[in-house]
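Notes for the one structure printed next.
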């Protein structure tokens, strides 16, 4: 039973990572696309009012590109989580809700995933030019409001947002969302159970 469940979860993880860890994996998927951080949405609105849509779009693109580069590294961490699964864990997942396995992954690996993801995201954001895109965007927004007293500064806030942490959290949210979708498919759709072992394990639970 445990072996069959681990196979199912490994399959779901592989598909989730594969779907996100490629160009446009985040950017072109509305369900996981990383948007402008909330504390920069006024900046975005200002840029678009100044017809500087490209600056805003480029910034969003660079954040999503960083997430796409980081996600493949999650496979090893989630694999370790699977290795640690006990018989009682497996029973709880098999008889639990449609996202019980995803909850198991969050409980056992999210902290480690974040710790592993963050430096990867930092390197990816640097490579993708997020810092440069942020500076160009805020400089343009602030300059565009230069004649309005302190309004430009107030839009940018007193402190720059922690973009690496933001991208990391959003990347993890997207990953867990995709894992949950795969889990639900395997539970509800016999066709998605791609091996005899998966058929046996989930077929027995469904009876």
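Residue numbers (my numbering): 1 to 207. In this text, a Cβ means the ideal position worked out from N, Cα and C, and glycines have one as well.
Between residue i and residue j, is the Cβ-Cβ spacing less than 8 Å?
| i | j | result |
| --- | --- | --- |
| residue 43 | residue 131 | no |
| residue 118 | residue 74 | no |
| residue 164 | residue 122 | yes |
Roughly how many whole angstroms lie between the Cα atoms of residue i and residue j?
| i | j | result |
| --- | --- | --- |
| residue 9 | residue 183 | 7 Å |
| residue 99 | residue 41 | 32 Å |
| residue 15 | residue 178 | 8 Å |
| residue 18 | residue 175 | 10 Å |
| residue 76 | residue 111 | 14 Å |
| residue 29 | residue 173 | 13 Å |
| residue 150 | residue 57 | Legend: pLDDT at residue 150 = 37, less than 50; position of this residue unreliable, value from coordinates given subsequently. Each residue's Cα considered, the two are about 25 Å apart. |
| residue 85 | residue 24 | 32 Å |
| residue 126 | residue 120 | 10 Å |
| residue 20 | residue 171 | 9 Å |
| residue 67 | residue 81 | 21 Å |
| residue 27 | residue 49 | 23 Å |
Who are the near neighbours of residue i in its chain, counting only those whose CB is closer than 7 Å to its CB and skipping five residues on each side?
| i | result |
| --- | --- |
| residue 166 | 37 |
| residue 93 | 5, 100, 101 and 104 |
| residue 2 | 85, 87 and 90 |
Identify whether residue i lies in helix, strand or coil by the three-state DSSP scheme.
| i | result |
| --- | --- |
| residue 112 | helix |
| residue 9 | helix |
| residue 122 | helix |
| residue 129 | coil |
| residue 149 | Interpretation of residue 149 is limited by its pLDDT of 33, a score under 50 that renders its predicted location unreliable; no figure is taken from the coordinates. |
Keeping to the same chain, check which residues put their C-beta closer than 6 Å to that of residue i; ignore five residues upstream and five downstream.
| i | result |
| --- | --- |
| residue 129 | 62 |
| residue 59 | 133 and 137 |
| residue 12 | 179, 182 and 183 |
Could you say which of the options lies nearest to residue i if we only look at CA atoms?
| i | options | result |
| --- | --- | --- |
| residue 79 | 108, 45, 172 and 67 | 108 |
| residue 115 | 70, 181, 97 and 133 | 70 |
| residue 180 | 22, 23, 3 and 32 | 32 |
| residue 168 | 35, 3, 2 and 140 | 35 |
Given residue i, which residues of its chain have a CB within under 8 Å of its CB, disregarding the five upstream and five downstream residues?
| i | result |
| --- | --- |
| residue 89 | 104 |
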